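Participant: One structure, as structure tokens, below. Some questions next.
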Amino acid sequence: QQQVKQSPQSLIVQKGGIPIINCAYENTAFDYFPWYQQFPGKGPALLIAIRPDVSEKKEGRFTISFNKSAKQFSLHIMDSQPGDSATYFCAASRGSNYQLIWGAGTKLIIKP
Amino acid sequence: DTAVSQTPKYLVTQMGNDKSIKCEQNLGHDTMYWYKQDSKKFLKIMFSYNNKELIINETVPNRFSPKSPDKAHLNLHINSLELGDSAVYFCASSHSSSGYEQYFGPGTRLTVT
């Protein structure tokens, strides 16, 4: 119930392609779904987040798509660049609960 | 003007030793966290403090003891270190009203030999 399942574990995309990372959850009480980006040797950093009453959110080249009925959400990166190579984590949180439930992470490599 | 800082960045020590990692945030947040990230990059919450009170204490060996002297600091003390403790430890902070938006420190890479 508390899990967030993330796939794929790793992804290699050519520059300019659109990598898609998917996450699924069970607990319908979750009400905030952030994505974090982590570069090697750094801590994760919040990239973009969405609430379940919105089906899509865009920030620059990053888009979250949210399917409430399927309990799934995904991250798309438009016009991907080698500088986007990082590990991406999806997560979910519930109200004022301080705990984020994390996906297992996706290592993304964008080839030049 | 680092937002969340941790010291040390690297820590190499022998099994059985006791070590501490310090964390400070200057963002005015009231909630702080310790995470462990293993070699497969999985992030595991260990502890969370809100206004110096422990609010999350996951299944972590009692060799790990967090201490929060004030809202801006959260330290982690580890007794009797074991090989399996080798990992990167991250401190993070957030406002309690937006716990999904956490700011992470640079991490402390702990290697136990």
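These protein sequence lines map, in sequence, to chains A and B.
One point on numbering: in my numbering, the residue at position 54 of the first sequence is 35, and numbering is uninterrupted.
Every number in my numbering is 50 more than the matching position in the second sequence, counting from 1.
Where is the CB? At the ideal position from N, CA and C, for every residue including glycine.
These numbers come from a predicted model, not from an experiment.
1. Roughly how many whole angstroms lie between the Cα atoms of residue 94 of chain B and residue 85 of chain B?
2. So the beta strand (DSSP E) residue 139 of chain B belongs to, where does it begin and stop?
3. For residue -4 of chain A versus residue 80 of chain A, is the C-beta spacing smaller than 9 Å?
4. Going by CA-CA distance only, name the one from B:64, B:119, B:151 and B:138 that's closest to residue 22 of chain A.
5. State yes or no: is the beta carbon of residue 88 of chain A nearer than 9 Å to at least one beta carbon in chain B?
6. Would residue 98 of chain B pass as an interface residue toward chain A - the criterion being a Cβ-Cβ separation below 9 Å?
7. By DSSP, does residue 66 of chain A sit in helix, in strand, or in coil?
8. Do residue 73 of chain A and residue 8 of chain A come within 9 Å of each other at the CB atom, strictly closer than that value?
9. Quick check on DSSP: helix, strand or coil for residue 147 of chain B?
10. Can you tell me where the beta strand (DSSP E) holding residue 107 of chain B begins and where it ends?
11. Against chain B, with Cβ distances strictly below 9 Å, would residue 5 of chain A count as a contact?
12. Can you tell me which residues form a DSSP beta bridge with residue 30 of chain A?
13. Residue 38 of chain A to residue 104 of chain B, Cα distance in whole Å?
14. From the DSSP output, in three-state form, read off residue 95 of chain A for me.
15. DSSP on residue 131 of chain B, reduced to helix/strand/coil?
16. Along the region 77 to 103 of chain B, where does the CB come closer than 7 Å to a CB of chain A? Name the residues.
17. Please report the residue range of the beta strand (DSSP E) in which residue 59 of chain A lies.
18. Could you check the C-alpha separation between residue 124 of chain B and residue 88 of chain B for me, to the nearest Å?
19. Identify whether residue 65 of chain B lies in helix, strand or coil by the three-state DSSP scheme.
20. Measuring only the C-alpha atoms, how far is residue 127 of chain B from residue 113 of chain B?
Facilitator: In short, the structure shows the following:
1. On the second sequence, position 44 is the one that residue 94 of chain B refers to. On the second sequence, position 35 is the one that residue 85 of chain B refers to. For residue 94 of chain B and residue 85 of chain B, the distance between alpha carbons rounds to 5 Å.
2. The residue labelled residue 139 of chain B in the question sits at position 89 within the second sequence. 137 to 144 is the span of the beta strand (DSSP E), which, as asked, contains residue 139 of chain B.
3. Counted from its first residue, the first sequence places residue -4 of chain A at position 15. Counted from its first residue, the first sequence places residue 80 of chain A at position 99. No, the pair does not count as a contact, with Cβ atoms beyond the cut-off.
4. Counting from 1 along the first sequence, the entry for residue 22 of chain A is found at position 41. It is B:138.
5. The sequence position of residue 88 of chain A within the first sequence is 107, counting from 1. Yes, because at least one Cβ of chain B sits closer than 9 Å to the Cβ of residue 88 of chain A.
6. Translated into the one-based positions of the second sequence, residue 98 of chain B becomes position 48. By this cut-off, residue 98 of chain B is an interface position.
7. Your numbering for residue 66 of chain A matches position 85 in the first sequence. Reduced to three states, the DSSP call for residue 66 of chain A is coil.
8. On the first sequence, residue 8 of chain A is found 27 positions in, with the first residue counted as 1. On the first sequence, residue 73 of chain A is found 92 positions in, with the first residue counted as 1. Contact: yes.
9. In the second sequence, counting from the first residue as 1, residue 147 of chain B sits at position 97. In the structure shown, the three-state DSSP call for residue 147 of chain B is helix.
10. On the second sequence, position 57 is the one that residue 107 of chain B refers to. The continuous beta strand (DSSP E) containing residue 107 of chain B extends over residues 103 to 107.
11. The sequence position of residue 5 of chain A within the first sequence is 24, counting from 1. Not closer than 9 Å to any Cβ of chain B, the Cβ of residue 5 of chain A fails to qualify, so no.
12. Here residue 30 of chain A refers to the residue found at position 49 of the first sequence. Note: residue 30 of chain A is bridge-paired with A:15 in the DSSP secondary-structure output.
13. Here residue 38 of chain A refers to the residue found at position 57 of the first sequence. Here residue 104 of chain B refers to the residue found at position 54 of the second sequence. For residue 38 of chain A and residue 104 of chain B, the gap between their C-alpha atoms comes out near 34 Å.
14. There is no way to answer for residue 95 of chain A, as the model of chain A reaches only from -18 to 93.
15. To locate residue 131 of chain B, count along the second sequence from 1; it is residue 81. Note: residue 131 of chain B maps to coil in three-state DSSP.
16. From the region 77 to 103 of chain B, only 81, 91, 92, 93, 95, 98 and 100 have a Cβ closer than 7 Å to chain A.
17. Within the first sequence, numbered from 1, the residue matching residue 59 of chain A stands at position 78. Premise fails: residue 59 of chain A is in no beta strand (DSSP E) and is neither H nor E.
18. To locate residue 124 of chain B, count along the second sequence from 1; it is residue 74. To locate residue 88 of chain B, count along the second sequence from 1; it is residue 38. So the alpha carbons of these two residues sit roughly 21 Å apart.
19. For the purposes of this step, residue 65 of chain B is taken as residue 15 along the second sequence, with counting starting at 1. In this structure, DSSP gives residue 65 of chain B a state outside helix and strand, which the three-state scheme calls coil.
20. Here residue 127 of chain B refers to the residue found at position 77 when the second sequence is read from its first residue. Here residue 113 of chain B refers to the residue found at position 63 when the second sequence is read from its first residue. So the alpha carbons of these two residues sit roughly 8 Å apart.
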